[in-house]
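Residue numbers (our numbering), protein chains in the order written: chain R, 1 to 227; chain V, 228 to 454.
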């Protein structure tokens with residue numbers, strides 16, 4: 001078991017918020033929602049190509065570029081406007097059902113709660129307000145502040161500096177193995193949320209905390225409150 | 228038009244070699260070859276996560292990890308052995324039909340030809356021998372030598388140092404926009420091969436040289452031989 005952290009740092013997309021509202025949008029373009037997986041992987045790759053070539057631009061913009069390319073590869077032309085509209089669906093995603101209750105309990109337990117996302121400041125502000133989750137968080141941090149995407153080490157170091165805590169006083173909570181590994185690379189422990197479809201696929205061992213949803217994480221910390 | 232280069236540096240997978248032999252393998256696992264696109268994007272993302280967290284391992288291994296995760300996400304269990312076997316199909320891919328003739332002509336025109344791939348030394352040696360392309364190349368360079376994947380700047384700088392040429396004396400030839408952009412970031416010009424399914428999807432302008440296959444590139448250099 002890791003030491004009891006002071007700050008819980010939450011990833012946003014697929015960790016707090018459910019991407020399923022994108023499905024009908026993709027079905028409209030591709031005839032099936034199945035290309036969402038390829039699109040999201042291309043978006044993530046594109047974000048790290050931007051890191052490598054010092055070409056930061058907002059995650060949503062890279063998402064629109066990835067969508068246009070993916071469509072073009074399949075012989076489908078979509079306008080930049082339409083791509084931007086589809087990607088902007090990400091601004092109004094519902095939280096997974098247990099999220100609000102779990103955040104409420106974690107906050108009552110005395111943790112500082114923050115988010116750290118690849119999305120822009122504007123996007124995360126809109127996402128948390130739309131999902132009625134903004135009330136639980138002390139800060140909503142975005143990689144935009146430093147112009148590099150997760151899992152670049154600078155992102156996690158930036159968050160720790162902003163929050164004025166050491167790496168081992170924080171806990172990175174994400175449904176993506178690469179986000180946990182990025183946090184681990186700067187010494188931060190992690191909690192992996194193994195939602196349906198979230199797979200620990202890296203050869204590195206998963207963190208000590210693996211739960212299937214945030215309610216379990218709240219239970220775990222409630223059970224260890226005395227530490 | 229760029230200056231006439233001294234060395235032509237070729238990407239391998241999807242630039243020289245055709246990935247279609249993977250299709251029946253994927254169809255066996257997934258019931259359709261369609262997940263190849265998502266698998267390759269996840270493989271590429273995984274390679275850059277390895278760059279960011281200093282966890283280099285061979286590209287083929289990251290490919291097997293990506294395949295196991297992708298299957299698991301869809302409720303399909305495949306063994307590491309089977310995943311490795313499927314990914315090893317990449318070691319014996321056919322060249323695109325025009326490749327051997329175009330390389331022959333480019334070599335006769337006096338260029339130094341080399342490859343630079345994210346694949347390991349062993350993989351690229353086997354690939355070029357199997358495709359009967361090894362005879363055309365002076366060197367087959369792999370990112371393995373420095374333990375970072377393209378498009379990290381170090382990879383292109385390593386190649387230039389090995390080949391003892393300046394960035395503007397080489398030309399990076401690839402069917403992937405991100406590979407061209409990586410080369411450009413260290414000052415190397417590029418030629419984008421716009422094969423069916425290869426899309427320039429980045430906001431940066433494409434290079435001056437865009438051709439639909441390597442025969443066109445050989446034509447172009449034959450036409451400008453006097454320069």
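Idealized CB from N, CA, C, for every residue including glycine.
Computed from a predicted model, the values in this text were never measured in an experiment.
| Item | Value |
| --- | --- |
| On the criterion of 16 or more Cβ atoms from any shown chain inside 10 Å, does residue 255 of chain V qualify as buried, or is it exposed? | exposed |
| With DSSP as the reference, label residue 224 of chain R as helix, strand or coil. | coil |
| For residue 184 of chain R, count neighbouring Cβ atoms within 10 angstroms of its own Cβ and tell me buried if that reaches 16, exposed if not. | buried |
| Just to confirm, are residue 62 of chain R and residue 30 of chain R a CB contact at a threshold of 9 Å? | no |
| Using the DSSP secondary-structure output, state which residues sit across from residue 114 of chain R in a beta bridge. | R:9 and R:139 |
| So that I know if they touch, is there some Cβ in chain R lying closer than 9 Å to that of residue 334 of chain V? | no |
| Tell me the rounded alpha-carbon separation between residue 210 of chain R and residue 341 of chain V. | 46 Å |
| Among all the DSSP beta bridges, which residues are the ones paired with residue 317 of chain V? | Residue 317 of chain V pairs with nothing; no bridge assigned. |
| Give, in chain order, every residue of the stretch 140 to 165 of chain R whose Cβ lies closer than 8 Å to some Cβ of chain V. | 151, 152 and 153 |
| Kindly indicate which residue of V:348, V:361, V:300 and V:408 has the alpha-carbon position closest to the one of residue 322 of chain V. | V:361 |
| Counting only the same chain and skipping the five closest in sequence on each side, list residues whose C-beta sits under 6 Å from that of residue 252 of chain V. | 313 and 316 |
| Which residue wins for smallest C-alpha separation from residue 439 of chain V, given the options V:429, V:247, V:400 and V:343? | V:400 |
| Could you round the C-beta distance between residue 191 of chain R and residue 163 of chain R to whole angstroms and report it? I think they count as a contact, below 8 Å. | Contact doesn't hold; Cβ gap of about 17 Å is too wide. |
| Can you tell me where the beta strand (DSSP E) holding residue 192 of chain R begins and where it ends? | 190 to 193 |
| Within 9 Å (strictly less), CB to CB, does residue 279 of chain V reach chain R? | yes |
| Thinking just about the alpha-carbon of each residue, which of V:415, V:359 and V:358 is nearest to the one in residue 381 of chain V? | V:415 |
| Counting only the same chain and skipping the five closest in sequence on each side, list residues whose C-beta sits under 6 Å from that of residue 139 of chain R. | 114 |
| Any idea if residue 54 of chain R is buried or exposed, counting beta-carbon neighbours within 10 angstroms, 16 or more meaning buried? | exposed |
| Under a Cβ-count criterion, where at least 16 other Cβ atoms within 10 Å of its own Cβ denotes burial, should residue 110 of chain R be classed as buried or exposed? | exposed |
| What is the residue span of the alpha helix (DSSP H) that residue 180 of chain R lies within? | 177 to 185 |
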